[in-house]
Structures are given as structure tokens and as C-alpha cells.
Amino acid sequence: MSHLKSDRNVEAKVVQSPADLHLNESKNKRFAFACSILGSMTSIMLGYDIGVMAGASIFIQRDLKINDVQLEILVGTINLYSLFGSALAGKTSDLIGRKYTIVLAATIFFVGAILMGFAINYGLLMFGRFVAGIGVGYALMIAPVYTSELAPTAARGFLTSFPEIFINFGVLLGFLSNWGFSKLSLKLGWRVMLGIGAIPSFLLGILVLIMPESPRWLVMKGRLGDAKRILLKTSTSTQEAESRLLAIQEAAGIPLDCTDDVVNVPKVEKGHEVWKELLLHPTPTVRRILLAAIGIHFFQQASGIDAVVLYSPRIFKKAGIVSESALLGATVAVGFVKTFAILISTFLLDKVGRRPLLLSSVGGMIVSVTLLAVGLTVVYQNPDKKLMWAISLSIAMVLFYVGFFSMGLGPIAWVYSSEIYPLRLRAQGTSLGVAVNRLMSGIIGTTFLSMTKALTTGGSFFLFAGICVIAWLFFYKFLPETRGRNLEDMDALFGKKAQHRDEINNGHVELGTSSSQV
21 MSHLKSDRNV
31 EAKVVQSPAD
41 LHLNESKNKR
51 FAFACSILGS
61 MTSIMLGYDI
71 GVMAGASIFI
81 QRDLKINDVQ
91 LEILVGTINL
101 YSLFGSALAG
111 KTSDLIGRKY
121 TIVLAATIFF
131 VGAILMGFAI
141 NYGLLMFGRF
151 VAGIGVGYAL
161 MIAPVYTSEL
171 APTAARGFLT
181 SFPEIFINFG
191 VLLGFLSNWG
201 FSKLSLKLGW
211 RVMLGIGAIP
221 SFLLGILVLI
231 MPESPRWLVM
241 KGRLGDAKRI
251 LLKTSTSTQE
261 AESRLLAIQE
271 AAGIPLDCTD
281 DVVNVPKVEK
291 GHEVWKELLL
301 HPTPTVRRIL
311 LAAIGIHFFQ
321 QASGIDAVVL
331 YSPRIFKKAG
341 IVSESALLGA
351 TVAVGFVKTF
361 AILISTFLLD
371 KVGRRPLLLS
381 SVGGMIVSVT
391 LLAVGLTVVY
401 QNPDKKLMWA
411 ISLSIAMVLF
421 YVGFFSMGLG
431 PIAWVYSSEI
441 YPLRLRAQGT
451 SLGVAVNRLM
461 SGIIGTTFLS
471 MTKALTTGGS
481 FFLFAGICVI
491 AWLFFYKFLP
501 ETRGRNLEDM
511 DALFGKKAQH
521 RDEINNGHVE
531 LGTSSSQV
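Each step along the sequence shown adds one to the number in the numbering used here, with nothing skipped, and position 46 is 66.
Structure, rendered in C-alpha cells:
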């Protein structure tokens, strides 16, 4: 009862006057903003690892005397290792909460970074990347889930794009680390580049402890009083907090007239039953949600973005840049473009919407990656000539390509896939999307050098251009707009479209008949 009394006092204070309402609304927005930043900072770990390996790989190959196949395995397999983390993260976050799963992710990556920094041979370096990869898998799954569950509806796209912002910021830090520590000795330089990644993960693990838990996770555990207090701190009004709480209660199967602080939650599907509903016996609604979520993650990585980022020094070298310092400087430019573009995207997600931004982004990627392929092919076919227009075109199109990616497909993949699953399937569904994302990234990362030898570098990017065309058609057909909708409304959004399509196929569509029931 004391909790309920406290909640009533909070509500009374919130509605005392327009000035108080404005003050609390502003304060709540700042609180949600701060929590989203902290929750999303786990993504720095992946971004830093991607960025730093782009340059560190040059010195690792020279120091450890490894061949190209060993190098691409070293560079790309961290994404395959992260599959273990993402597979465990859904169940872990349901058991211990979203907050402490973030702490666990930071701790695991901290250990991995230390192991990589002190690696004395190729085997120990691979083991350190295995440990760090598990932490990355945890982080990639939990960051968008936590942010989407905490953020108010009106700002969910903006706040849920934060993980991608920090991935890009981490990439930039990695590139700067390459450039800054490249002057150290060969044996020390790359080890400092990798080991220093332990510092942000350590700080993150400490700071996350001051964050609140996800209100949706609290409701799943029957802690309505705690969930309500957090919603009152992260919503723009008391009415919005009450509305969000009721929607979460309904999704969790808790009676809407229940106002106790702690309740017994109806028995929900066990983990294996959730996987059955997702993969073996999905409803038309769940099938459409699964197709959209898996598809956007598949195409995000199949577009070749990690090949550009992980091997940017080699791509620039193929484009005609010879100096090592110039190569590292060009990669820093890639990092700045990615970070600037993602910042633009965050302000457009909730104004323009997911769908228009996504289609525009992929359209720009198609043009830029095609022109990049043309430029690289011309340079390759004229080895004895220094064709400045082809070199300039290739360099410019790399920057345009990563810019278009970061303005749309990069952040929207995480925003969209984390917001469309129903509550009972969200943790496992999101982890499945992350698994597909990392699997494709790992395949690209571990095969790109071999691909360029078989198809040439230009030919490889013609292949990525074709994949981007297929991606645009897929997004146009299967991804409806989600801007402005509550997370609990997604069943209706996808159910309406799925049911309408089934009725058309079965010839049962009648005028005036609603198909919005799920």
C-alpha cells in the first residue's frame, strides 16, 4: 500500500499546475534520454572492435606473419562467436533482467579485450576474440530491447536508434585508435589498439548499475508498482504512463483492473514453447513479423557494409592510395561520415518515419555501391595508368555508401526489429534477429578477401549492388510503417496485413469487412 500511496503522491504532484507538468515532462524526457544513452553504450564495444581491426589487422599480419585466409578468419569470426552470446541473451535477459544483462555483456567484453591486448600468438588472439564476441552478442541483443521498452512512444525511434549511433561512434574511435597508435612499435601498437577497448566496457559496467530496470520486464515478473514508478519517470504525462502500463499488463495477461504493487503473473510460454511459436507453428501474424525482422537484419549485412568498414584500408589501396598513413587517414574519414550520417537519421526517424527513410537509404546505397564497383573495376583494368577520376570516384562512393547506410538501413534495422515483436516473443525474437545479423556479418567478414580474389574487388561490389536491389524490393513489399504506434499495437498492424492477404488468397474479402482482428 505504501507504494500505491507514493504513486498517488507523484500523480498529484504531476498535475498540480501547467508549470509543474511542463517541468516534469522536460525532466522525464531527460531521464529517458540518459537511460537510453547508457543502455545503448554497450554497442560501442562492437563498433570499436570493427573499427580497430580495420587498421590493427595490417600490423597483426605483419607481426604474427599470418596469411590472408588466417587474417579474414581472425577479423570476421568475432561475429560468428557473437552468435553464442545472442542465443543466450534472450533467456538471460528474461531471467535476470535487461539491466543486469547489459552489465554481464560489458564484463565479458572487458575480459576479451584484456586477453587480446596481452595475446602473444595467433591462438591466444583468437581465444580473446571468442570471449569478446560472446560479449558483443549479448550487447547487440539487449541494447535495442532495453531502449525500446523504456522509451516513450513519441520518441521511441529516436531513442532506439542510439545503439546504432554508438556502433558508429565506436567505429570512429577504433579508426582514431589505429591512427593514433600506429606510431608505436610493431609489437606494441596493435596490442594497445585492442587492449584499450577494455576501458569503456569497464566504465559502462559500473554506470549501468544506476539505471532503472525495463518496466516491461518488471510487469512480466509481476512487479506492477515498480514498473509504474519507472513509467512515471519516462513518460511525458501521467496519462501516458497509465496507458503504457495498461497496454503492458494486457500483453502480459494481467487483468487490467489489477492495481496491486505485486501480482502473480499468469503462466506464460516456457522458452521452448516460445521458440515453437516463432519457428515451428507461427500464426500468420507472427510469420509476417518474423519475416520482416529476419529480413531486415539479413539484408543489413548482406549489403556488404562490414566488408567496407573492416577492409577499408585494402579497398582504398585498391582504389589507388599507397601511403599507409593516408590509408589510415581515409578510414578515419569513413568513421566521421558514418557518425555524422547516423546523427542526421536519429532526428528524422520519428518525423519522417521508418519506411520512407529506409527506402531512400537503400536507394542511395544502390547508386553509390554500383558506382564504387565501376570505379574499382576501371582502376583494376588499367594498372599502369593513374586515372584520377576513377580513383576519386571510388573514394567518394565509399563515403557516400557508408553515409547512406548510416542514414537509414543501419539504425532502422535495430529500431524496427526490436519494436515489432509481441511482448511474449520479444526477447527470443530479437535474439534471433541479432543471430542472423551476426551470421551474415561473419560470413562477409571471413570470405571477403577470398571473394575479391575470385571476383575482383569491383566484381564483389557489383554483387553487393544486386543484393541491395533485392533488399529495396523486399522492404517495399513486407515492411509497414510503425512510427507512432505502441509496442503492444504491432500484433494488430501485422495481423491486419497478414489476414487481409490470406483473405485475398482465399477469395473471402467482402466489402465493409474489417480484417484488423488478430
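We put the CB at the ideal spot given by N, CA and C, even for glycine.
query                                                                                                              : result
Assigned secondary structure, Val529 (DSSP; H/G/I helix, E/B strand, else coil)                                    : Any answer about Val529 is weak, because its pLDDT of 36 lies below 50 and its placement is not dependable; what the coordinates show is given next. It is coil, neither helix nor strand.
Residue of Ser470, Ile362 and Gly504 minimising C-alpha distance to Lys371                                         : Gly504
Separation of Ser414 from Gly349, as counted between CA atoms                                                      : 16 Å
Pro376 beta carbon less than 8 Å from that of Glu184                                                               : no
Counted within 10 angstroms of its Cβ, other Cβ atoms place Ser282 as buried (16 or more) or exposed               : According to the sequence shown, residue 282 is Val rather than Ser. Burial call: exposed.
Same chain, Cβ closer than 6 Å to Gly373, neighbours up to 5 away in sequence not counted                          : Glu501 and Arg503
CB of Leu392 within 8 Å of CB of Val418, strictly                                                                  : yes
Strand pairing of Arg243, partner residues [DSSP]                                                                  : Val282
Reduced DSSP category for Ser249 - H, G, I as helix; E, B as strand; rest coil                                     : According to the sequence shown, residue 249 is Arg rather than Ser. Helix.
C-alpha gap between Gly67 and Arg50, whole angstroms                                                               : 25 Å
Residue burial classification, Cys278 (beta-carbon count within 10 angstroms, cutoff 16)                           : exposed
Span separating the alpha-carbon of Ala312 from that of Gly190                                                     : 27 Å
Cβ-Cβ distance between Gly428 and Ser365 below 8 Å                                                                 : yes
CB of Met65 within 8 Å of CB of Ser221, strictly                                                                   : yes
N-terminal and C-terminal residue of the alpha helix (DSSP H) that Ile411 is part of                               : Met408 to Met427
Close-in-space but distant-in-sequence residues of the same chain around Phe104 (CB under 7 Å, 5 per side omitted) : Ile154 and Gly157
Three-way DSSP call (helix, strand, coil) for Glu501 in this model                                                 : coil
Per-residue DSSP class, three states only, for Lys203                                                              : coil
His520 (DSSP reduced to helix, strand or coil)                                                                     : Caution is warranted here: a pLDDT of 47 is assigned to His520, below 50, making its placement in the model unreliable, and the coordinate value is therefore given only provisionally. Reduced to three states, the DSSP call for His520 is helix.
Closest residue to Thr62 among Asn457, Ala159 and Gly137 (Cα-Cα distance)                                          : Ala159
C-beta atoms of Leu266 and Leu276 nearer than 8 Å                                                                  : yes
Buried or exposed (CB count within 10 angstroms, at least 16 for buried), Gln321                                   : buried
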